[in-house]
Amino acid sequence: DVIEHLVDPEAAMQRLIDHLNPGGLLVLTVTFYQNEDGPYHLNCNRYTNEAFYGLVEKMGMKELSSFSPRVFQKRGAIETVSQPVDADAPVFSSQTEIDAFLNAWEGPVRLNLGCGPDNRAGYINVDAYVDNADLKMDIFKLPLDDDSVDEIFSSHMLEHLGKFEVPQALQEWSRILKPSGKLQLNLPDLEWSAQQWLDLPEDSRWGWPLDTLFGLQTHPGEYHKTGFTADRIEKILHHIGFQSVQTSWSWSHGLRCIWVEASKAERPAGVDVDLDRFKGQFVTDLSQIVPYTASDVDAFLKAGEWRVGFVSFERLPM
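For the sequence shown, the working numbering assigns the number 352 to the initial residue and increments by one for each residue that follows.
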């Protein structure tokens, strides 16, 4: 519970990771939220907890625990136990295949993420589970440059992600979109589907009406893991930093859906917190109570095997 107090948490996290030996462990908890008394935690409009943990993995760390506190291990250590093979895991396109396809692509770079059988002309159709896709890529770690994509379209895909995975994926999509790049989403309306299911007689509930809630489930990528209302998806997108978010109704797949249009902000949202607030939270300069020089610390750490931890104390308002 330290990172959320920093102006540039990514830079701080990278510095910590740089000091870890290969195989070293990072035990981390972040709480990006704003309480009712004031925004004492910074960058709540830029990160969610899960999105930040995803960034840590991209810094060369491997997640060992998905429970709080999160435990990460720095890559580069010798693997002592081979990882089990998941027969249902998708096989992604190689970087060579991706580069060759993109180099031959003409016109705006528009992605149809989670395309399923819906191949769209003028789009690069991406899906990990169907053979008709142009490319098979990991939607959480797209091997594309920052600010390189003109438009992202995704229909009936986000509901197949877990509730914590949705902001992580959208954060990644925001990364690759150009400033002012367009995002279009088509999502099942959970409220409508639930009401339709409740209104049916018992014997009519267990076919397609149930599928609208939980997915067809014919392969691992076809399960519904979360749901959306218009208000919910608007809040998620605003939280990540998308602008001009608009929602309306559409009909597809035999049910009412939420049509979403948004765009990436021209520049990342700034921190809107007066930094003088730190004077009320951290009254004493740590250098005044830990009068050790850098050479003192270096000599101390080299004297034995140590695990270094960082603890912060926050003075809460009364």
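C-beta atoms are modelled at their ideal positions from N, C-alpha and C, and glycine is treated no differently.
Everything numeric in this text was worked out from a predicted model, so none of it was measured.
Annotation: Val442 to Pro552 spans about 42 Å, alpha carbon to alpha carbon.
Under the DSSP assignment, Glu612 falls in the beta strand (DSSP E) whose first and last residues are Leu606 to Lys615. Counting C-beta pairs with one atom in each stretch, the region 610-618 and the region 517-537 have three or more that are closer than 8 Å, which means they touch. Along the region 431-478, the beta strand (DSSP E) occurs as fully enclosed runs of 3 or more residues at 461-464 and 475-477, listed in sequence order. The three-state reading of DSSP puts Asp647 in helix, counting H, G and I together. Contact check for Gly374 against Lys425 passes: the beta carbons are separated by less than 9 Å. The alpha-carbon separation between Gly513 and Leu606 amounts to approximately 21 Å. Apart from sequence neighbours up to five positions away, the residues of its chain that approach Tyr480 with a beta-carbon distance below 7 Å are Pro441, His570 and Gly572, ordered along the chain. Counting of Cβ neighbours within 10 angstroms places Ala484 among the buried residues, the total reaching 16 or more. In the three-state reduction of the DSSP assignment, Arg556 falls in the coil class.
With respect to the C-alpha of Leu493, the residue from Lys576, Asn470, Gly427 and Leu462 having the closest C-alpha is Leu462.
Taking Tyr574 as reference, the option from Ala581, Glu585, Leu561 and Lys586 with the minimal CA-CA separation is Leu561. Within the DSSP bridge table, the entry for Pro539 names Cys608 as partners. The criterion of a C-beta distance shorter than 9 Å is satisfied by Thr577 and Val517.
For Lys514, no beta strand (DSSP E) encloses it, and the DSSP letter there is neither H nor E. Residue pairing of Gln594 in beta bridges, as defined by DSSP: Ser614. Taking a C-beta distance under 9 Å as the contact criterion, Thr399 and Glu355 do not qualify as a contact pair. Around Leu371, the same chain offers Leu377 and Lys425 as residues with beta carbons nearer than 7 Å, after the five sequence neighbours per side are excluded. When the five nearest sequence neighbours on each side are left out, the beta carbons in the same chain lying within less than 7 Å of the beta carbon of Gln597 are those of Glu612, in order along the chain. Non-local C-beta neighbours of Ile587 in its own chain, meaning closer than 7 Å and more than five positions away in sequence, comprise Val517, Pro518 and Leu521, ordered along the chain. Collapsing the DSSP output to three states places Gln424 in a strand. In the three-state reduction of the DSSP assignment, Phe403 falls in the helix class, which pools H, G and I. In the structure shown, Leu528 adopts extended strand secondary structure according to DSSP, grouped into three states.
Between Gly592 and Arg471 a beta carbon distance of about 26 Å is seen, past the 8 Å cut, so the two are scored as non-contacting. Per DSSP, Met364 is one residue of the alpha helix (DSSP H) stretching across Pro360 to Asp369.
Taking the C-beta atoms as reference points, Ile490 is found no nearer than 9 Å to Lys533.
Annotation for Phe504: the continuous beta strand (DSSP E) segment containing it runs Val500 to Ser506.
By the 16-neighbour rule on beta-carbons within 10 angstroms, Trp524 is buried. The beta carbon of Ser601 lies closer than 7 Å to those of Asn537, Cys608 and Trp610 in the same chain, with the five residues before and after it left out.
In the DSSP assignment, the residues bridged to Leu377 are Phe423. Between the C-alpha atoms of Gly566 and Lys487 there is a straight-line separation of about 21 Å.
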